[in-house]
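Quick notes on the structure that follows.
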Amino acid sequence: MVRPNIASVTEITNEERQTIYEYVVEHAPVRTRRLQEALYPNDRRAIDHHLALLEQNGLLVETDDRVRVTADLARVAKPETVGLSSFDSPVVFRPATEDNRSELVSVMRSMADEQPSVETASTVATETDNRPLYWHDSAGEYAVCVATIDDTVCGWVRVDATARAQTAHTATVTGGVVEPRREAGIGTRLLAYARQCADCCGYEKLYQHLPAANQRGIDFLVNRGWTVEATWDDHYLLDGSYVDDVILSAAVDR
């Protein structure tokens, strides 16, 4: 979803750390051991020292023994505050932060039984709990944004994109709004926020895959300008029954 903060390379005044950063940009995600073998085969303390400083400066992030470039999410997803008539307090749309992780995962798990998309909220919650909230590497991009009221998460949207040449202009959207806050415009605003971020990052088209049983979700998207591009008959086996996969899309710049 978010391009790496390449502009920050100019802030790296140490030549060795610049070399490490550029190596990660080219090869990410890269295991720490591979990074050491490529650049400092005989000096583990040196690579640990430089990585620590690069992480401290917000340029690299290490998770699951893999190093990635830190995405500058704020550069393309500025917070937006919107007043909606159903609520006394404004709704804030912004990138998710580490402070939101626990609550965000809880909100996602609360939707686990709703099966809003083929990739269930339970699966999304597990991934969100175990990976960075945004990243960019050679495999693609990923970002999670939230809607909050009085600093409480009431909705979320996740955007995924692969680096595969044939689909590099597209991204996939998944999201949801907690039950008490629905039918008030938050979902519509979340979609608009995701589209705005995708536009800043150069994507041209957004996709969603929904099971045919989720007619409410399909209608929600169609009523907001999305188009049913295709239907794959009996593509999924859910709870013992074959279910069609409905593929919807929307142009980012519409």
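First residue of the sequence shown: 1, per UniProt numbering; consecutive thereafter.
Glycine included, every Cβ here is placed at the ideal spot set by N, Cα and C.
Check: Alpha-carbon to alpha-carbon, Tyr203 and Val228; Outcome: 19 Å
Check: Cutoff 8 Å; reference Tyr40; Cβ partners in own chain excluding five residues on either side; Outcome: Ala46, Ile47
Check: Tyr203, DSSP secondary structure in three states; Outcome: coil
Check: Reduced DSSP category for Val178 - H, G, I as helix; E, B as strand; rest coil; Outcome: coil
Check: Endpoints, the beta strand (DSSP E) within which Ile47 is located; Outcome: Counting along the chain, Ile47 falls outside any beta strand (DSSP E), though it belongs to the alpha helix (DSSP H) covering 44-56.
Check: Residues near Gly83 in its chain [Cβ-Cβ closer than 8 Å; skip 5 each side]; Outcome: Pro90, Val91
Check: CA nearest to the CA of Cys200, picked from Ala212, Pro79, Asp64, Asp253; Outcome: Asp253
Check: Cβ-based burial, Asp64 [other Cβ within 10 Å; buried from 16]; Outcome: exposed
Check: For Gln196 and Ile151, the rounded distance between their alpha carbons; Outcome: The sequence given here places Asp at residue 151; Ile does not occur at that position. In a straight line, the C-alpha of Asp151 is about 22 Å away from that of Gln196.
Check: Euclidean distance between Cα positions of Leu35 and Gln166; Outcome: 29 Å
Check: Extent of the continuous alpha helix (DSSP H) to which Arg109 belongs; Outcome: 101-110
Check: Pair within 7 Å by beta-carbon distance, Arg144 and Ala96; Outcome: Before going further, note that residue 144 is Val rather than Arg in the sequence given. Taking 7 Å as the Cβ cut-off, Val144 and Ala96 qualify as a contacting pair.
Check: Within 7 Å, strictly: CB atoms of Glu103 and Phe93; Outcome: no
Check: Check whether Ala161 and Ala171 have beta carbons under 7 Å apart; Outcome: yes
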